[in-house]
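Each residue of the sequence shown is one higher than the one before, counting from -12 in my numbering.
Below: the structure, in structure tokens.
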Amino acid sequence: MTTATSEEKVAAGMSLALDDVTLSYTGTPVVRSLSLSALPGEILVLTGPSGCGKSTVLRALAGLLAPDSGHILADGAAVTTTSRDRAVVFQDNALLPWRTVRSNIELALALRGQPRSGRRRDAERWIEEVGLTGFADFLPKNLSGGMRQRVQLARGLAGAPRAVMMDEPFGALDTQTRATMQRLLVETWRTHPTTVVFVTHDVDEAVLLGDRVAVLGQAGAPLRTIVDVPRPRDRDALDHPDTRAARAKVLAALGHPSVGPTNTPEN
């Protein structure tokens, strides 16, 4: 497994931007006048209180929701619909239930335009990479929640997107499985660089995964702050003074006192 350089990550990822964007959900504005950008090849984490529009922003970046006003851009071009360059990984199981693990991943390869002759080989490579060797012929219903998320991660990246939107993909997992998936995401992102926009309620997850953390507020104050997170990116770094300081900034923007990593407030 080869880790991409910083230059390769920038080249592989796309820039994403919201320029003075207002978004509505079921007719009610949930995001007003938001300006925010994701840099090529970075992991930008969105967090904030419930109802602040994190998932709505993600859907808009993916081209699943048109803005009421403002502009959404991908590499400077207007986002008007979905694109295979912008993949989405949801929290809920979005795998096709009648397709096996291999077949779900092969679908992403087919949509990318890969010839049929090479799909099985590449799908098997992805299955191995996400630690599911031996499960290629299983249906989603026969997999655990963590295993299904591994398949979703593989399927999302197999199409070689230049950006991936991830909507609380690990939120329903137990603590141990969640930590494993966080590590797998980082390892896979290093090997297959792309821009990632990741939504979470968990502050520790935000500072563990993000290069930057954008804290969203309610519609009247859509962006409270953006926090740069120091590296290296691993769980030991959560105890580093610089990382603890970044975490404290995120908590302060959320209106919470700084507490230990095991006591991260839910929002």
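Glycine included, every Cβ here is placed at the ideal spot set by N, Cα and C.
Since the structure is predicted, the reported quantities are computational estimates derived from the model, not experimental observations.
Taking the alpha helix (DSSP H) that residue i falls in, what are its first and last residues?
{"i": "M152", "result": "Where M152 is concerned, there is no enclosing alpha helix (DSSP H), although the beta strand (DSSP E) it sits in stretches over 150 to 154."}
{"i": "P16", "result": "It is not in any alpha helix (DSSP H) - P16 instead sits in the beta strand (DSSP E) that spans 15 to 25."}
{"i": "A61", "result": "Counting along the chain, A61 falls outside any alpha helix (DSSP H), though it belongs to the beta strand (DSSP E) covering 56 to 61."}
{"i": "R234", "result": "228 to 241"}
{"i": "S42", "result": "41 to 49"}
Would you decide whether residue i is buried or exposed? Buried here means 16 or more other CB atoms lie within 10 Å of its CB.
{"i": "S42", "result": "buried"}
{"i": "G35", "result": "buried"}
{"i": "P102", "result": "exposed"}
{"i": "W85", "result": "exposed"}
{"i": "A25", "result": "buried"}
{"i": "P228", "result": "exposed"}
{"i": "P180", "result": "buried"}
{"i": "P54", "result": "buried"}
{"i": "E116", "result": "buried"}
Round the Cβ separation of residue i and residue j to the nearest angstrom and send it over; I've been treating them as touching at under 8 Å.
{"i": "L60", "j": "L203", "result": "L60 to L203, Cβ: 19 Å. No contact."}
{"i": "Q139", "j": "V76", "result": "5 Å"}
{"i": "A64", "j": "H58", "result": "The pair is not a contact, with the Cβ atoms about 10 Å apart (cut-off 8 Å)."}
{"i": "Q78", "j": "E155", "result": "4 Å"}
{"i": "L225", "j": "D191", "result": "6 Å"}
{"i": "T69", "j": "L51", "result": "6 Å"}
{"i": "G197", "j": "I30", "result": "5 Å"}
{"i": "L269", "j": "L241", "result": "Not covered by the structure: residue 269. The range shown for the chain is -12 to 254."}
Tell me whether the beta-carbon of residue i lies closer than 7 Å to the beta-carbon of residue j.
{"i": "R177", "j": "D72", "result": "no"}
{"i": "R108", "j": "L119", "result": "no"}
{"i": "R89", "j": "A49", "result": "no"}
{"i": "V200", "j": "A208", "result": "no"}
{"i": "L96", "j": "R106", "result": "yes"}
{"i": "D62", "j": "M1", "result": "yes"}
{"i": "E93", "j": "A81", "result": "no"}
{"i": "G143", "j": "A239", "result": "no"}
{"i": "T87", "j": "L126", "result": "yes"}
Provide the residue span of the beta strand (DSSP E) that contains residue i, from first to last.
{"i": "R73", "result": "73 to 77"}
Any heavy atom of the ligand ZN within a distance shorter than 6 Å of the CB on residue i?
{"i": "D223", "result": "What this structure holds is no ligand at all, so the ligand ZN is not there to describe."}
query = Are the region 212 to 224 and the region 233 to 245 touching, with three or more C-beta to C-beta distances below 8 Å?
reply = yes
On the three-pair Cβ rule with 8 Å, is the region 166 to 177 touching the region -3 to 12? no
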